[in-house]
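*Asks:*
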Amino acid sequence: MRPIESGEIGDLLDWKPMMLLDKTLFGPAFVDSLVSRSPTFIKSKGGKELPLELWISILDFAVANGPEPHDYAFVRPFTLGRRQDDGKLLFFQRFKRWTSFGTIQDIHGVEDYHLSLALPDRNFNRLHTPFMNREYGHPIGIPTELLDSKIDFLHVKLTVPDVIKYMEGGRCRICWGARTIGGNGVGCKLAHSFLGKWSHIGWEITVWDARFDLPILCPLCVGIEHTMDCVRREVQRDQPYDTQRADYISWLETRLQELGFGTISVPRLPPPPGLRPSGGYLFSN
72 MRPIESGEIG DLLDWKPMML LDKTLFGPAF VDSLVSRSPT FIKSKGGKEL PLELWISILD
132 FAVANGPEPH DYAFVRPFTL GRRQDDGKLL FFQRFKRWTS FGTIQDIHGV EDYHLSLALP
192 DRNFNRLHTP FMNREYGHPI GIPTELLDSK IDFLHVKLTV PDVIKYMEGG RCRICWGART
252 IGGNGVGCKL AHSFLGKWSH IGWEITVWDA RFDLPILCPL CVGIEHTMDC VRREVQRDQP
312 YDTQRADYIS WLETRLQELG FGTISVPRLP PPPGLRPSGG YLFSN
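Remember, our numbering sits 71 above the position in the sequence shown when you count from 1.
The structure is reproduced here in C-alpha coordinates:
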(Lines of atoms letter the chains of each structure in order from A and count residues from 1; the text may use other names and numbers.)
(Lines give C-alpha, C1' and ligand atoms only; values in the text may rest on other atoms or scores of the structure.)
Protein backbone atom coordinates (compact mmCIF):
# COMPACT_ATOMS: atom_id res chain seq x y z
CA MET A 1 0.00 0.00 0.00
CA ARG A 2 1.04 3.64 -0.34
CA PRO A 3 -0.05 7.01 1.12
CA ILE A 4 -2.36 9.15 -1.01
CA GLU A 5 -1.65 12.68 -2.19
CA SER A 6 -4.01 15.65 -2.28
CA GLY A 7 -3.84 15.81 -6.08
CA GLU A 8 -5.46 12.38 -6.32
CA ILE A 9 -8.86 13.32 -4.88
CA GLY A 10 -10.63 13.48 -8.24
CA ASP A 11 -9.21 10.14 -9.36
CA LEU A 12 -10.11 8.51 -6.04
CA LEU A 13 -13.73 9.68 -6.28
CA ASP A 14 -13.98 8.19 -9.78
CA TRP A 15 -12.17 5.01 -8.81
CA LYS A 16 -13.63 4.51 -5.28
CA PRO A 17 -11.13 1.88 -4.08
CA MET A 18 -10.89 0.44 -0.59
CA MET A 19 -8.49 2.44 1.60
CA LEU A 20 -6.89 2.24 5.03
CA LEU A 21 -7.33 5.09 7.53
CA ASP A 22 -4.86 5.21 10.42
CA LYS A 23 -7.02 6.77 13.13
CA THR A 24 -4.08 6.94 15.54
CA LEU A 25 -2.24 9.31 13.20
CA PHE A 26 -5.33 11.29 12.19
CA GLY A 27 -4.99 13.71 15.14
CA PRO A 28 -1.27 14.42 14.62
CA ALA A 29 -1.91 14.90 10.88
CA PHE A 30 -4.65 17.42 11.68
CA VAL A 31 -2.31 19.42 13.93
CA ASP A 32 0.45 19.19 11.34
CA SER A 33 -1.83 20.54 8.61
CA LEU A 34 -2.67 23.57 10.80
CA VAL A 35 0.80 24.53 11.99
CA SER A 36 2.35 23.89 8.56
CA ARG A 37 0.12 26.62 7.15
CA SER A 38 0.73 28.91 10.13
CA PRO A 39 1.72 28.25 13.77
CA THR A 40 -0.63 31.11 14.73
CA PHE A 41 -3.61 28.82 14.06
CA ILE A 42 -3.03 27.18 17.46
CA LYS A 43 -2.79 29.44 20.51
CA SER A 44 -3.21 29.07 24.25
CA LYS A 45 -6.05 30.81 26.08
CA GLY A 46 -3.60 33.57 26.88
CA GLY A 47 -2.84 34.07 23.20
CA LYS A 48 0.58 32.43 23.29
CA GLU A 49 1.83 30.37 20.36
CA LEU A 50 4.69 27.96 19.72
CA PRO A 51 7.24 28.31 16.93
CA LEU A 52 7.00 25.91 14.00
CA GLU A 53 10.28 24.20 14.91
CA LEU A 54 8.90 23.21 18.31
CA TRP A 55 5.66 21.94 16.76
CA ILE A 56 7.68 19.77 14.39
CA SER A 57 9.57 18.25 17.33
CA ILE A 58 6.33 17.65 19.24
CA LEU A 59 4.68 15.95 16.26
CA ASP A 60 7.74 13.81 15.53
CA PHE A 61 7.74 12.66 19.16
CA ALA A 62 3.98 11.96 19.10
CA VAL A 63 4.24 9.85 15.95
CA ALA A 64 7.32 7.92 17.11
CA ASN A 65 5.93 7.24 20.61
CA GLY A 66 2.23 6.79 19.93
CA PRO A 67 0.19 3.83 21.15
CA GLU A 68 0.78 0.43 19.58
CA PRO A 69 -0.86 -1.15 17.76
CA HIS A 70 -2.45 1.70 15.81
CA ASP A 71 -6.22 1.82 15.35
CA TYR A 72 -7.31 1.49 11.72
CA ALA A 73 -10.52 1.79 9.72
CA PHE A 74 -11.47 0.22 6.38
CA VAL A 75 -12.83 3.14 4.32
CA ARG A 76 -13.87 4.08 0.82
CA PRO A 77 -14.26 7.61 -0.66
CA PHE A 78 -17.70 8.50 -1.98
CA THR A 79 -18.22 12.27 -2.21
CA LEU A 80 -16.73 15.73 -1.72
CA GLY A 81 -18.53 18.29 0.46
CA ARG A 82 -18.00 21.77 1.90
CA ARG A 83 -17.56 22.97 5.46
CA GLN A 84 -19.14 26.10 6.91
CA ASP A 85 -15.81 27.93 6.49
CA ASP A 86 -15.98 27.03 2.78
CA GLY A 87 -13.24 24.41 3.12
CA LYS A 88 -13.66 21.00 1.51
CA LEU A 89 -14.36 17.66 3.15
CA LEU A 90 -13.67 14.29 1.57
CA PHE A 91 -16.30 11.85 2.84
CA PHE A 92 -15.67 8.14 3.31
CA GLN A 93 -17.89 5.14 3.91
CA ARG A 94 -16.58 3.07 6.79
CA PHE A 95 -16.85 -0.69 6.29
CA LYS A 96 -17.68 -2.64 9.43
CA ARG A 97 -18.05 -6.15 7.97
CA TRP A 98 -16.36 -8.21 5.27
CA THR A 99 -15.31 -11.80 4.67
CA SER A 100 -12.00 -12.50 6.39
CA PHE A 101 -8.93 -12.17 4.19
CA GLY A 102 -7.04 -14.49 6.53
CA THR A 103 -9.16 -17.46 5.45
CA ILE A 104 -8.17 -17.38 1.75
CA GLN A 105 -7.09 -20.86 0.67
CA ASP A 106 -5.29 -20.46 -2.67
CA ILE A 107 -3.84 -18.04 -5.19
CA HIS A 108 -7.18 -17.63 -6.97
CA GLY A 109 -8.66 -16.26 -3.75
CA VAL A 110 -5.76 -13.81 -3.41
CA GLU A 111 -6.31 -12.58 -6.97
CA ASP A 112 -10.07 -12.20 -6.42
CA TYR A 113 -9.62 -10.27 -3.18
CA HIS A 114 -6.96 -7.99 -4.67
CA LEU A 115 -9.34 -7.14 -7.49
CA SER A 116 -12.14 -6.46 -5.00
CA LEU A 117 -9.91 -4.08 -3.03
CA ALA A 118 -9.30 -2.03 -6.16
CA LEU A 119 -12.83 -2.28 -7.60
CA PRO A 120 -15.26 -3.27 -4.82
CA ASP A 121 -18.41 -2.57 -6.88
CA ARG A 122 -17.48 -4.47 -10.01
CA ASN A 123 -19.28 -7.72 -10.76
CA PHE A 124 -17.01 -10.22 -12.51
CA ASN A 125 -17.99 -13.72 -13.52
CA ARG A 126 -17.11 -16.22 -10.79
CA LEU A 127 -15.36 -13.54 -8.74
CA HIS A 128 -15.58 -14.18 -5.01
CA THR A 129 -15.74 -10.79 -3.29
CA PRO A 130 -15.27 -10.21 0.45
CA PHE A 131 -17.68 -7.26 0.33
CA MET A 132 -20.87 -9.06 -0.64
CA ASN A 133 -22.65 -8.51 2.70
CA ARG A 134 -21.73 -4.95 3.61
CA GLU A 135 -22.35 -3.09 6.83
CA TYR A 136 -21.37 0.57 7.10
CA GLY A 137 -20.51 2.68 10.13
CA HIS A 138 -20.95 6.44 10.38
CA PRO A 139 -19.44 8.35 7.42
CA ILE A 140 -16.07 9.97 8.05
CA GLY A 141 -15.32 13.47 6.74
CA ILE A 142 -11.68 14.47 6.34
CA PRO A 143 -10.61 18.06 5.53
CA THR A 144 -8.80 17.89 2.21
CA GLU A 145 -5.90 19.99 3.49
CA LEU A 146 -4.94 17.10 5.78
CA LEU A 147 -3.83 15.19 2.69
CA ASP A 148 -0.91 17.62 2.39
CA SER A 149 0.40 16.60 5.81
CA LYS A 150 3.78 14.89 5.95
CA ILE A 151 2.18 12.38 8.35
CA ASP A 152 0.87 9.47 6.28
CA PHE A 153 -2.51 8.46 7.74
CA LEU A 154 -4.48 7.44 4.63
CA HIS A 155 -3.37 4.69 2.25
CA VAL A 156 -4.50 3.22 -1.07
CA LYS A 157 -3.53 0.25 -3.28
CA LEU A 158 -4.08 -2.19 -0.44
CA THR A 159 -2.98 -5.80 -0.68
CA VAL A 160 -4.24 -8.95 1.02
CA PRO A 161 -1.31 -8.94 3.51
CA ASP A 162 -2.07 -5.28 4.34
CA VAL A 163 -5.65 -6.12 5.31
CA ILE A 164 -4.64 -9.16 7.35
CA LYS A 165 -1.93 -7.20 9.20
CA TYR A 166 -3.76 -3.95 9.91
CA MET A 167 -7.46 -4.83 9.91
CA GLU A 168 -7.56 -8.45 11.07
CA GLY A 169 -4.91 -8.47 13.79
CA GLY A 170 -2.55 -10.63 11.74
CA ARG A 171 -4.85 -13.66 11.96
CA CYS A 172 -3.94 -16.08 9.18
CA ARG A 173 -5.30 -19.62 8.81
CA ILE A 174 -2.40 -20.68 6.61
CA CYS A 175 0.47 -20.12 9.07
CA TRP A 176 -1.57 -19.36 12.25
CA GLY A 177 0.61 -16.36 13.06
CA ALA A 178 4.00 -18.03 12.55
CA ARG A 179 4.54 -16.03 9.28
CA THR A 180 6.29 -19.09 7.83
CA ILE A 181 5.03 -22.43 6.56
CA GLY A 182 6.69 -25.68 5.63
CA GLY A 183 9.56 -27.39 7.37
CA ASN A 184 8.96 -31.07 8.19
CA GLY A 185 5.58 -31.16 6.49
CA VAL A 186 3.74 -28.28 8.19
CA GLY A 187 1.37 -26.54 5.78
CA CYS A 188 2.84 -28.14 2.66
CA LYS A 189 -0.51 -28.83 0.98
CA LEU A 190 -1.70 -25.25 1.48
CA ALA A 191 1.67 -23.90 0.36
CA HIS A 192 1.40 -25.78 -2.90
CA SER A 193 -2.11 -24.37 -3.46
CA PHE A 194 -0.42 -20.96 -3.71
CA LEU A 195 2.94 -21.77 -5.29
CA GLY A 196 1.76 -24.49 -7.62
CA LYS A 197 -0.42 -22.01 -9.53
CA TRP A 198 2.50 -19.80 -10.58
CA SER A 199 3.00 -21.81 -13.78
CA HIS A 200 0.63 -19.38 -15.58
CA ILE A 201 3.35 -16.70 -15.42
CA GLY A 202 6.21 -18.99 -16.33
CA TRP A 203 7.15 -20.61 -13.03
CA GLU A 204 7.23 -24.38 -12.73
CA ILE A 205 8.04 -25.26 -9.16
CA THR A 206 9.43 -28.63 -8.21
CA VAL A 207 9.86 -29.22 -4.50
CA TRP A 208 12.56 -31.44 -3.03
CA ASP A 209 9.80 -33.28 -1.25
CA ALA A 210 6.08 -32.64 -0.72
CA ARG A 211 6.83 -32.09 2.97
CA PHE A 212 8.92 -28.92 2.44
CA ASP A 213 12.26 -29.51 4.12
CA LEU A 214 12.79 -25.78 4.78
CA PRO A 215 10.23 -23.20 5.94
CA ILE A 216 9.19 -20.42 3.57
CA LEU A 217 7.47 -17.08 4.17
CA CYS A 218 3.69 -17.40 4.30
CA PRO A 219 2.23 -16.58 0.86
CA LEU A 220 -1.00 -15.26 2.37
CA CYS A 221 -0.13 -12.91 5.25
CA VAL A 222 3.44 -12.02 4.19
CA GLY A 223 2.87 -12.10 0.43
CA ILE A 224 3.45 -14.41 -2.51
CA GLU A 225 6.23 -12.20 -3.92
CA HIS A 226 8.18 -12.66 -0.67
CA THR A 227 7.52 -16.40 -0.73
CA MET A 228 9.08 -16.43 -4.18
CA ASP A 229 12.18 -14.77 -2.71
CA CYS A 230 12.55 -17.92 -0.62
CA VAL A 231 12.02 -20.10 -3.68
CA ARG A 232 14.70 -18.25 -5.63
CA ARG A 233 17.22 -18.01 -2.81
CA GLU A 234 20.37 -19.95 -3.58
CA VAL A 235 21.93 -22.45 -1.20
CA GLN A 236 25.72 -22.30 -0.93
CA ARG A 237 26.99 -25.55 -2.41
CA ASP A 238 30.35 -25.47 -0.60
CA GLN A 239 28.88 -25.39 2.93
CA PRO A 240 27.66 -28.26 5.14
CA TYR A 241 23.90 -28.68 5.03
CA ASP A 242 23.43 -27.77 8.72
CA THR A 243 25.28 -24.49 8.10
CA GLN A 244 23.18 -23.79 5.01
CA ARG A 245 20.01 -24.37 6.99
CA ALA A 246 21.08 -22.12 9.89
CA ASP A 247 22.10 -19.31 7.52
CA TYR A 248 18.82 -19.57 5.63
CA ILE A 249 16.69 -19.42 8.78
CA SER A 250 18.67 -16.41 10.05
CA TRP A 251 17.99 -14.71 6.71
CA LEU A 252 14.30 -15.59 7.08
CA GLU A 253 14.10 -13.98 10.53
CA THR A 254 15.91 -10.85 9.30
CA ARG A 255 13.57 -10.61 6.32
CA LEU A 256 10.51 -10.73 8.58
CA GLN A 257 11.92 -7.84 10.62
CA GLU A 258 12.58 -5.84 7.45
CA LEU A 259 8.97 -6.40 6.36
CA GLY A 260 7.63 -5.00 9.63
CA PHE A 261 6.63 -8.21 11.42
CA GLY A 262 8.92 -7.65 14.39
CA THR A 263 11.13 -10.27 15.98
CA ILE A 264 9.88 -13.76 15.10
CA SER A 265 11.83 -16.90 15.94
CA VAL A 266 11.58 -19.39 13.08
CA PRO A 267 11.62 -23.00 14.41
CA ARG A 268 14.98 -24.63 13.74
CA LEU A 269 13.61 -28.10 13.12
CA PRO A 270 16.03 -30.83 12.00
CA PRO A 271 15.50 -32.12 8.45
CA PRO A 272 13.62 -35.40 8.00
CA PRO A 273 15.84 -38.47 7.42
CA GLY A 274 17.01 -38.80 3.85
CA LEU A 275 15.90 -35.30 2.86
CA ARG A 276 19.23 -33.54 2.49
CA PRO A 277 19.46 -31.73 -0.84
CA SER A 278 22.29 -31.90 -3.33
CA GLY A 279 22.50 -28.10 -3.60
CA GLY A 280 21.18 -25.44 -5.95
CA TYR A 281 17.90 -23.67 -5.15
CA LEU A 282 15.48 -24.28 -2.32
CA PHE A 283 12.99 -24.93 -5.09
CA SER A 284 13.91 -25.37 -8.75
CA ASN A 285 12.29 -23.52 -11.60
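We put the beta carbon where it would ideally sit given N, CA and C, even for glycine. Predicted, not measured: the structure shown is a model, and the values here were computed from it.
Lys116: buried (16+ other C-beta within 10 angstroms of its C-beta) or exposed?
*Replies:* Under this definition Lys116 is an exposed residue.
*Asks:* In the DSSP assignment, find the alpha helix (DSSP H) that holds Ile80 and state where it starts and stops.
*Replies:* Per DSSP, Ile80 belongs to the alpha helix (DSSP H) from Ile80 to Trp86.
*Asks:* Do Tyr368 and Arg303 have their C-beta atoms closer together than 9 Å?
*Replies:* With the chain represented from 72 up to 356, any question about residue 368 goes unanswered, as that position is not in the structure.
*Asks:* Give me the Cα-Cα distance between Arg108 and Leu217, rounded to the nearest whole angstrom.
*Replies:* If I take the Cα positions, the gap works out to 11 Å.
*Asks:* Who are the near neighbours of Met203 in its chain, counting only those whose CB is closer than 8 Å to its CB and skipping five residues on each side?
*Replies:* Cβ neighbours of Met203 beyond the five flanking positions: Thr170.
*Asks:* Would you check if there are 3 or more beta carbon pairs closer than 8 Å linking the region 289-301 to the region 231-243?
*Replies:* Flag = yes, the region 289-301 and the region 231-243 touch.
*Asks:* Quick check: what's the CA-CA separation for Met238 versus Asp177?
*Replies:* Whole-angstrom Cα-Cα distance: 20 Å.
*Asks:* When you compare each of Ser220, Pro191 and Gly81 to Arg147 by their alpha carbons, which one comes out closest?
*Replies:* Among Ser220, Pro191 and Gly81, the Cα nearest to that of Arg147 is on Pro191.
*Asks:* Can you tell me which of the three DSSP states Glu206 falls into?
*Replies:* Three-state DSSP puts Glu206 in a strand.
*Asks:* For the ligand HEM, any of its heavy atoms closer than 8 Å to the Cβ of Asp103?
*Replies:* The ligand HEM is not among the ligands present in this structure, which contains no ligands whatsoever.
*Asks:* Only counting the same chain, and skipping five residues up and downstream in sequence, which positions put a Cβ closer than 7 Å to that of Leu105?
*Replies:* Result list for Leu105: Phe112 and Ile113, in chain order.
*Asks:* Run the CB neighbour count on Ser143, radius 10 Å, all protein chains shown included, and call it buried at 16 or more, exposed below.
*Replies:* A quick correction: the sequence has Tyr, not Ser, at residue 143. Buried: at least 16 other Cβ atoms inside 10 Å.
*Asks:* With C-beta atoms as the reference, is Leu151 less than 9 Å away from Pro214?
*Replies:* No, the pair does not count as a contact, with Cβ atoms beyond the cut-off.
*Asks:* By how many angstroms is the C-alpha of Gly208 removed from the C-alpha of Phe149?
*Replies:* Their backbone Cα atoms lie some 14 Å apart in a straight line.
*Asks:* Here's the rule: buried if 16 or more other CB atoms are within 10 angstroms of the residue's CB, otherwise exposed. What is Gly253?
*Replies:* So Gly253 ends up on the buried side.
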